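Novice: Take this structure first; my questions come after.
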DNA sequence: TTACATATTTAGACTAAGCTAAAAATATAT
DNA sequence: ATATATTTTTAGCTTAGTCTAAATATGTAA
Ligand SMILES: [Mn+2]
Ligand SMILES: [Mn+2]
Ligand SMILES: [Mn+2]
Ligand SMILES: [Mn+2]
């Protein structure tokens, strides 16, 4: 697998989670920041390698083989992110770009040892689950903060968006993985909320609430 | 700098240390395991980028710019090797291939933090010096074991060859970085030696003696 | 059902990095 | 100094991955 092939598989894997049926050429192109024509070429190649099933004008669907390789790359990405944050003290908004590079290092032994060195973590610094050796992704019970009703509470377990800007906003508001959040009010009209975090109480927009995962308590 | 460009610069840097004048096309090709015609293309490109000075039919010479980039890649390679051995408990004969990949990860911050995490080591697991941030390579006083005379002693400080086979031979003989070696006898005719290491006493061929660096005591 | 809009594929071109085979320059040995 | 051998370069092809522009298929709305 080349670096480009791995990135395509990863993108298709993620898109597959977001919607059930086959993944469209344009969706892949948008996610990869490439042109649809480039995607067509690549999915044809990946289809030849039995990584996915491709039907002209329909889209792509990962095979078990392709799914496993994608999960392996995601596993590496997330383990490296844990390393960067836990061992090198990077901040959670600084690790993604570096992990994008590290995820392509090829050595099974390396990943096994890294995993052990890190204490076999289950989640990455953004709360995303780390696939196991066989590519199995543990599904956890989590919902978006926006789904909580007034007077309900949750513990932050992850972020949907993990752009620098969003993560820095959360820092400013003292929200991190493990932080308890109480919904004090919810505006039906625009989906905004008033929440309390620790002793602070403030307003958040719908956009924020829709990008924070919580586990209800 | 692409991965290929970095590898060429690294090869030329190493060849430059081994002999004073400009580095020949064939020498680069041999070291890179590519064809001379490919080397010609690449050195032209690197010359355009001011990484080296290239004179047709003469060879290549790194500029300060090229030398610094090469040293940076070597710095990364050796720091990662230290990480693999010290933190992930890899054996010294298993790390080179992985470091060949890791050395191309681009992030200054990563290397700064990795360096600190490792305690700012001066040498890699094979006894090779780690260039500093500015690409300066500390020259150390060391000689080949083959240069020692009978009844002299040295401490092993590095290996010239670091192939798996050679390193495994050293393990078998209980020779590692820091091991004291006494020359009990030296055969003028074939350069072989009788040495003692700890309580053991044995014969080594010239080939071995010419690939072990020692510091005299 | 026809017409328009959108999605997708095809055709053809480009760059990076490699190769082979042939040509040209340099080095060496009589 | 000439002939031969070696080294290096050039010319022309190849593959991976990308792009633009044009062609084609599919979806939608009158
Ligand atoms: Mn990430
Ligand atoms: Mn992550
Ligand atoms: Mn090495
Ligand atoms: Mn080394």
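Chains as they are written, first to last, in my numbering: chain Z, 1 to 217; chain L, 1001 to 1217.
C-beta: ideal position from N, C-alpha, C; glycine also.
Quick caveat, the model's predicted, so the values are computed rather than measured.
Can you list, in chain order, the residues of the stretch 88-110 of chain Z whose Cβ is nearer than 9 Å to any Cβ on chain L?
Specialist: Within the stretch 88-110 of chain Z, the residues whose Cβ lies closer than 9 Å to some Cβ of chain L are 88, 89, 90, 94, 97, 98, 101, 102, 104, 105, 106, 107, 109 and 110, listed in chain order.
Novice: Give me, in chain order, the residues of the same chain whose beta-carbon lies closer than 8 Å to that of residue 1160 of chain L; leave out the 5 immediate sequence neighbours on both sides.
Specialist: As a first step, residue 1160 of chain L is located in the second chain; it is residue number 160 there, counting from the start. Excluding residues within five positions, the ones whose Cβ falls inside 8 Å are 1144, 1210, 1211, 1212 and 1213.
Novice: Might you give, ordered along the chain, the residues of its own chain that have their beta carbon closer than 6 Å to the beta carbon of residue 1090 of chain L, omitting 5 neighbours on each side?
Specialist: The residue you call residue 1090 of chain L lines up with position 90 of the second chain. Correct list, in chain order: 1084.
Novice: With distances taken from CA atoms, which of Z:66, Z:72 and Z:184 is nearest residue 105 of chain Z?
Specialist: Locating residue 105 of chain Z in the first chain gives position 105, counting from the first residue. Ranking Z:66, Z:72 and Z:184 by Cα distance to residue 105 of chain Z puts Z:72 first.
Novice: Grab the span of the beta strand (DSSP E) containing residue 184 of chain Z for me, first residue to last.
Specialist: Locating residue 184 of chain Z in the first chain gives position 184, where the first residue counts as 1. Residue 184 of chain Z -> beta strand (DSSP E) spans 180-186.
Novice: Below 8 Å, is the gap between the Cβ of residue 1104 of chain L and the nearest heavy atom of ligand 3?
Specialist: As a first step, residue 1104 of chain L must be located in the second chain, where it is residue number 104. It does not: the Cβ of residue 1104 of chain L is nowhere closer than 8 Å to a heavy atom of ligand 3.
Novice: So which residues of chain Z does residue 1075 of chain L contact, with C-beta pairs closer than 9 Å?
Specialist: Here residue 1075 of chain L corresponds to residue number 75 of the second chain, with the count starting at 1. Within chain Z, no residue comes near residue 1075 of chain L; the closest Cβ sits about 16 Å away, beyond 9 Å.
Novice: According to a CB-to-CB cut-off of less than 9 Å, which residues of the stretch 1111-1131 of chain L neighbour chain Z?
Specialist: Correct list: 1113, 1114, 1116 and 1117.
Novice: Where do the N-terminal and C-terminal ends of the alpha helix (DSSP H) with residue 1098 of chain L fall, by residue?
Specialist: In the second chain, the residue the question calls residue 1098 of chain L occupies position 98. Per DSSP, residue 1098 of chain L belongs to the alpha helix (DSSP H) from 1096-1102.
Novice: When you measure from the CB of residue 162 of chain Z to every non-hydrogen atom of ligand 1, does any distance come out below 8 Å?
Specialist: Residue mapping note: residue 162 of chain Z aligns to position 162 of the first chain, counting from 1. Residue 162 of chain Z Cβ: within cutoff of ligand 1.
Novice: Considering only the alpha carbon of each residue, which of Z:57, Z:52, Z:86 and Z:204 lies closest to residue 70 of chain Z?
Specialist: The residue given as residue 70 of chain Z occupies position 70 in the first chain. Per the Cα distances, Z:52.
Novice: Going by the CB atoms, is the gap between residue 194 of chain Z and residue 202 of chain Z shorter than 9 Å?
Specialist: In the first chain, counting from the first residue as 1, residue 202 of chain Z sits at position 202. In the first chain, counting from the first residue as 1, residue 194 of chain Z sits at position 194. Yes, these two residues count as a Cβ contact at 9 Å.
Novice: Would you mind reading off the limits of the alpha helix (DSSP H) that contains residue 111 of chain Z?
Specialist: For the purposes of this step, residue 111 of chain Z is taken as the residue at position 111 of the first chain. Taken as a continuous stretch (DSSP letters only), the alpha helix (DSSP H) holding residue 111 of chain Z covers 108-117.
Novice: So, does the stretch 1052-1069 of chain L touch the stretch 1007-1020 of chain L, judging by three or more C-beta pairs under 8 Å?
Specialist: Output reads yes: the stretch 1007-1020 of chain L touches the stretch 1052-1069 of chain L.
Novice: Output needed for residue 1153 of chain L: all residues of its chain with C-beta closer than 6 Å, excluding positions within five of it in sequence on either side, in chain order.
Specialist: Sequence index remark: in the second chain, residue 1153 of chain L carries index 153 (1-based). Correct list, in chain order: 1182 and 1217.
Novice: Taking 8 Å as the line, does the beta carbon of residue 78 of chain Z fall inside it for any heavy atom of ligand 1?
Specialist: Numbered from its first residue, the first chain carries residue 78 of chain Z at position 78. Yes, the beta carbon of residue 78 of chain Z sits closer than 8 Å to at least one heavy atom of ligand 1.
Novice: For residue 95 of chain Z, is the beta carbon positioned less than 8 Å from some heavy atom of ligand 1?
Specialist: Residue numbering aside, residue 95 of chain Z sits at position 95 when the first chain is read from its first letter. At least one heavy atom of ligand 1 is nearer than 8 Å to the Cβ of residue 95 of chain Z, so yes.
Novice: Answer yes or no: does any C-beta atom of chain Z fall closer than 9 Å to that of residue 1148 of chain L?
Specialist: On the second chain, position 148 is the one that residue 1148 of chain L refers to. False, the Cβ-Cβ gap to chain Z never drops below 9 Å.
Novice: May I ask whether a heavy atom of ligand 1 can be found less than 8 Å away from the beta carbon of residue 100 of chain Z?
Specialist: The residue you call residue 100 of chain Z lines up with position 100 of the first chain. Residue 100 of chain Z: yes, Cβ under 8 Å from ligand 1.
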